[in-house]
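Working notes, structure below.
Protein chains: 2
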Amino acid sequence: MLTDFKKHIDKFAQVSDEEFDEIQKFFDIKNVAKKENLLEEGQLCRHHYFVLEGLLRKFYINEKGIEQTTEFAIETWWMTDNIAYEHKIPSEFYIQAVEKSKILYITQDNQEMLLKAFPIMERYFRFVYQRAYAAAQMRVKYLFSLSKEEFYFQSVNRYPEFAQRIPQYLLASFLGFTPEYLSEIRKKRIS
Amino acid sequence: MLTDFKKHIDKFAQVSDEEFDEIQKFFDIKNVAKKENLLEEGQLCRHHYFVLEGLLRKFYINEKGIEQTTEFAIETWWMTDNIAYEHKIPSEFYIQAVEKSKILYITQDNQEMLLKAFPIMERYFRFVYQRAYAAAQMRVKYLFSLSKEEFYFQSVNRYPEFAQRIPQYLLASFLGFTPEYLSEIRKKRIS
């Protein structure tokens, strides 16, 4: 199970098996049930989550009382409320398991201790954040440049493994439209 | 001038004056005129830019031929097309000086050499990307949750130094509306 985490580190930084044995001690593992919340609005955001198995989503509840999904994370993706996590402040978000999931997690204090003890992990996390930031920048471009319909089909084409696993009503929420609208444009494309 | 860069590093990582003398050799400085392009669509994105003095913006030209601004950077902010820079591929963006500016910049190869020679800079860039990613995540939330009008007034209130320096037509573009609409909501607020 943790071999997937080791493999992910190996993509960006060189860590020996002996070092990895020490590194993994900074983390814990948690099994979460489908629809279980790892974080709720108003709670201090204490953890950074790495998906070993399963699927997480991040959402907030808007002024109409509706859950607005802003992000998903599948295997080998990291997820947290980064501002709340770094500054140890209450979160405006929920993080919830979409499927039964197995999650590796670390506290902010442990992450800081890990980085002091194994500076090579700065390189690993630098790449993690760099890639996540680059993806977020492209997302802003797409939010401006693509119609909702184009954005949906591009998301499905670029991330087919997502589109198959994510319930349609959550995908609709992530894309910023109603399940009815999503069902309409899918029918249009098929016909 | 470079003391501002040194101060910015000091916020996140400890670097001695002797180390900084070596670190700065990996960078070059460029003076750019107002409206000069540092990067154009279709060019390989070779540089990562740090604003010493002035103001940059990033934009792309949409299918209607209109410049859509997606980002600004003022003093001590980094800017590049991160995907194109990391993968050394042609960019879909322009990066342009909004004001006469003084820019510190580094190539991707030099940044990689710098990180090998001074691993402490991994920590610095990890923080740079972590904060930028956190800000981008909040921006996605605001794009969903705020009306265009709320987003405008929130941006002006949170970043008054931006609102004063950025020409109104560029601010309108960044917020995704026309200069006419911006002028309308500003009048409404004043009256």
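So the protein lines, in turn, are chains A and B. Throughout the first sequence, residue numbering follows this note's numbering, covering 72 to 262 in sequence. Throughout the second sequence, residue numbering follows this note's numbering, covering 72 to 262 in sequence. Every residue, glycine too, gets a C-beta built ideally from N, C-alpha and C. Everything numeric in this text was worked out from a predicted model, so none of it was measured.
Short of 8 angstroms in beta carbon distance, which residues of its chain neighbour residue i, apart from the five on each side in sequence? Order them along the chain.
i: A203 of chain A; result: W149
i: D152 of chain B; result: L110, C116, K129, S162, E163, F164, I166
i: L186 of chain B; result: M192, E193, F196
i: E107 of chain B; result: Q167, A168
Buried or exposed: residue i, going by 16 or more other Cβ atoms within 10 Å of its Cβ?
i: R128 of chain A; result: buried
i: Q208 of chain B; result: buried
i: E142 of chain B; result: buried
i: Q225 of chain A; result: exposed
i: Y213 of chain A; result: exposed
i: R229 of chain B; result: exposed
i: Q239 of chain A; result: exposed
i: I237 of chain A; result: buried
i: I80 of chain B; result: buried
Name the DSSP beta bridge partners of residue i, please?
i: H79 of chain B; result: DSSP lists no partner for H79 of chain B.
i: R128 of chain B; result: B:F143, B:Q167
i: D99 of chain B; result: B:Y176
i: V122 of chain A; result: A:I174
i: W149 of chain B; result: B:F121
i: P238 of chain A; result: Paired residue(s): none; P238 of chain A is not in a bridge.
i: E90 of chain A; result: Looking at the DSSP assignment, E90 of chain A forms no beta bridge with any residue, so it has no partner.
i: N108 of chain B; result: B:Q167
Can you give the Cα-Cα distance for residue i and residue j, rounded to whole angstroms?
i: L253 of chain A; j: A205 of chain B; result: 29 angstroms
i: K173 of chain B; j: F76 of chain B; result: 12 angstroms
i: Q179 of chain A; j: K78 of chain B; result: 25 angstroms
i: F196 of chain A; j: R197 of chain B; result: 6 angstroms
i: L175 of chain B; j: D99 of chain B; result: 6 angstroms
i: E170 of chain B; j: K159 of chain A; result: 37 angstroms
Going by Cα to Cα distance, which pick from the options is closest to residue i?
i: F83 of chain A; options: A:E220, A:M192, A:K101, A:T178; result: A:M192
i: K105 of chain B; options: B:A168, B:F248, B:Y120; result: B:A168
i: S218 of chain B; options: B:R194, B:V103, B:D88, B:L246; result: B:L246
i: I94 of chain A; options: A:Q85, A:K101, A:P250; result: A:Q85
i: E232 of chain B; options: B:G113, B:K258, B:G136, B:A144; result: B:A144
i: Q201 of chain B; options: A:F222, A:S216, A:A155; result: A:A155
i: N343 of chain B; options: B:Q114, B:E112, B:D81, B:L126; result: Residue 343 of chain B falls outside the range modelled here, since chain B spans only 72 to 262, and no answer is possible.
i: M184 of chain A; options: A:A234, A:D81, A:F97; result: A:F97
i: I177 of chain A; options: A:E170, A:I137, A:E157; result: A:E157
i: V122 of chain B; options: B:R257, B:T74, B:V227; result: B:T74
i: F248 of chain A; options: A:I137, A:I160, A:V199, A:K259; result: A:I137
i: M72 of chain B; options: B:E107, B:Q114, B:N108, B:T147; result: B:T147
Report all residues from its chain with a CB closer than 7 angstroms to the CB of residue i; omit the five preceding and five following residues, and keep chain order.
i: Q139 of chain B; result: F130, Y131, N133, S244
i: Q182 of chain A; result: H119
i: E90 of chain B; result: F189
i: F215 of chain A; result: none
i: R194 of chain A; result: F83, A84
Closer than 6 angstroms by C-beta to residue i: which residues in its own chain qualify, once you throw out the five before and the five after it? Chain order, please.
i: V211 of chain B; result: none
i: Y223 of chain B; result: L246
i: I256 of chain A; result: E220
i: V227 of chain B; result: A234
Check: Residues in the region 139-156 of chain A with C-beta within 7 angstroms of chain C's C-beta atoms, listed in sequence order?
Finding: The chain labelled as chain C is not found among the protein chains of the depicted structure, namely A and B.
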